[in-house]
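Reminder that position 184 of the sequence shown reads as 1266 in our numbering, one-by-one numbering, no gaps. Ideal Cβ positions, reconstructed from N, Cα and C, are used throughout, including at glycine. Here the structure is laid out as structure tokens; the discussion comes afterwards.
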Amino acid sequence: MPSYVVAGAARGLGLEFVNQLSSKSDHTVFALIRNSATASTLYEVQESRENVVILEADIADSVAVEEAAKAVESATSGTLDYLIIVAALATNMNKSILAFDSNEELNEDLLEHFHTNVLGVVHTIKTFLPLLRRGPTKKVAVLSTGNADLDATLSMANPGRVGYGISKAAMNMAVAKLALALKPEGFVFVSISPGMVDSKAGRRSPENEAVFQKTAERIKVLLPDFEGPITPEQSVDMMLKVIHRWTVEETGQFVSHYGNKQWL
């Protein structure tokens, strides 16, 4: 009976991971959320499926994550098969690095992103490590972004997503370092980009909708075969196929939902 922890499961891709994984009755899915007030749909999923356990834990709060790990340990007799970290901070997405009003504002943005997207990820992995060690699968997947890839950033000519892109690039390196340290124990790590996903259809502000559409149009100019954003259902289905087939020989790599460097 495979066990999964999905961190950042309240909505979007995290919610879809829980939905698809829990659709198989032999799976046990622990859904970590930052705030129950934003997870109404997740609670609806839990009501219809006995194999979903919801735990409140922000990955930036190491004490809360430790409490969540204790709850998982108690429920599974001390083991865990998969840890999937979706949770991330993404603010000031439309600002370039020169658009911050002061060095202090830029510093605050970078440090906040680093605290969640790098340290939060590393600490969460380390907290669940004893459970993963006792499980037979030993797999860790962390959602990344094509914005963390240097070539993709330059080709897209998008100077925004500063704190998000920089912190995700650092996160990829942290995952690679953990993968190397734990490879002798048979652990499998992967940093995976979900592609361009329209996870907020109908819920974006007019300003953000304009930016989203402009980005899609720019991609179509650069990549004429680009068919547009994919749905959360499509993205998660593709990512799970990559995660499930990933091997220890490939551990630590940063790939897309296709399992390669095709980000879109």
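DSSP three-state label for F1182, please. In the sequence shown, the residue the question calls residue 1182 occupies position 100. DSSP places F1182 in coil when its eight states are reduced to three.
Taking a contact to mean a Cβ-Cβ separation below 9 Å, would you say T1329 touches N1240 in this structure? If you number the sequence shown from 1, residue 1329 lands on position 247. If you number the sequence shown from 1, residue 1240 lands on position 158. The answer is no: Cβ separation not under 9 Å.
Among F1336, H1109 and F1112, which one has its Cα closest to the Cα of K1259? Reading the sequence shown from its first residue, position 177 is the one you call residue 1259. Of the listed residues, the one whose Cα sits closest to K1259 is F1336.
Per DSSP, what kind of secondary structure is T1123 in: helix, strand or coil? Sequence index remark: in the sequence shown, residue 1123 carries index 41 (1-based). Three-state result, T1123: helix.
Return the CA-CA distance between S1273 and N1185, expressed in angstroms with no decimal places. Your numbering for residue 1273 matches position 191 in the sequence shown. Your numbering for residue 1185 matches position 103 in the sequence shown. Roughly 30 Å between the two C-alpha positions.
Excluding five sequence neighbours on each side, which residues of the same chain lie with their C-beta closer than 7 Å to the C-beta of G1310? Translated into positions along the sequence shown, residue 1310 becomes position 228. Closer than 7 Å at the Cβ level, and outside the excluded window around G1310, lie A1298.
Since V1154 and A1089 are thought to touch, with beta carbons under 8 Å apart, how far apart are those beta carbons, to the nearest angstrom? For the purposes of this step, residue 1154 is taken as the residue at position 72 of the sequence shown. For the purposes of this step, residue 1089 is taken as the residue at position 7 of the sequence shown. Cβ atoms of V1154 and A1089 stay farther apart than 8 Å, at about 11 Å.
Indicate the three-state DSSP secondary structure (helix, strand or coil) for I1274 in the structure shown. For the purposes of this step, residue 1274 is identified with residue 192 of the sequence shown, where counting begins at 1. DSSP places I1274 in strand when its eight states are reduced to three.
Please state whether DSSP places Y1164 in a helix, a strand or coil. Your numbering for residue 1164 matches position 82 in the sequence shown. Strand.
Minimum C-alpha distance to D1307 - residue among L1346, G1341 and E1291: Reading the sequence shown from its first residue, position 225 is the one you call residue 1307. Checking every option, the nearest Cα to that of D1307 belongs to L1346.
A1223 - partner residues in DSSP beta bridges: Translated into positions along the sequence shown, residue 1223 becomes position 141. For A1223, the pairing in a beta bridge is given by DSSP as I1166 and V1272.
Are the Cβ atoms of S1085 and L1211 separated by less than 9 Å? Within the sequence shown, numbered from 1, the residue matching residue 1085 stands at position 3. Within the sequence shown, numbered from 1, the residue matching residue 1211 stands at position 129. Contact flag unset, no.
For V1303, is the classification buried or exposed, using 16 other Cβ atoms within 10 angstroms of its Cβ as the cut-off for buried? Here residue 1303 refers to the residue found at position 221 of the sequence shown. Per the 10 Å Cβ criterion, exposed.
Should L1322 be labelled buried (16 or more other beta-carbon atoms within 10 Å of its own) or exposed? Position 240 of the sequence shown, counted from the start, is the residue given in the question as residue 1322. Classification of L1322: buried, given that the 10 Å Cβ count is 16 or more.
How long is the line joining the alpha carbons of R1046 and G1160, rounded to whole angstroms? Residue 1046 falls outside the range modelled here, since the chain spans only 1083 to 1346, and no answer is possible.
Closest by C-alpha distance to S1118, when choosing among T1110, H1109 and Q1128: The residue labelled residue 1118 in the question sits at position 36 within the sequence shown. Ranked by Cα distance from S1118, the options T1110, H1109 and Q1128 are led by Q1128.
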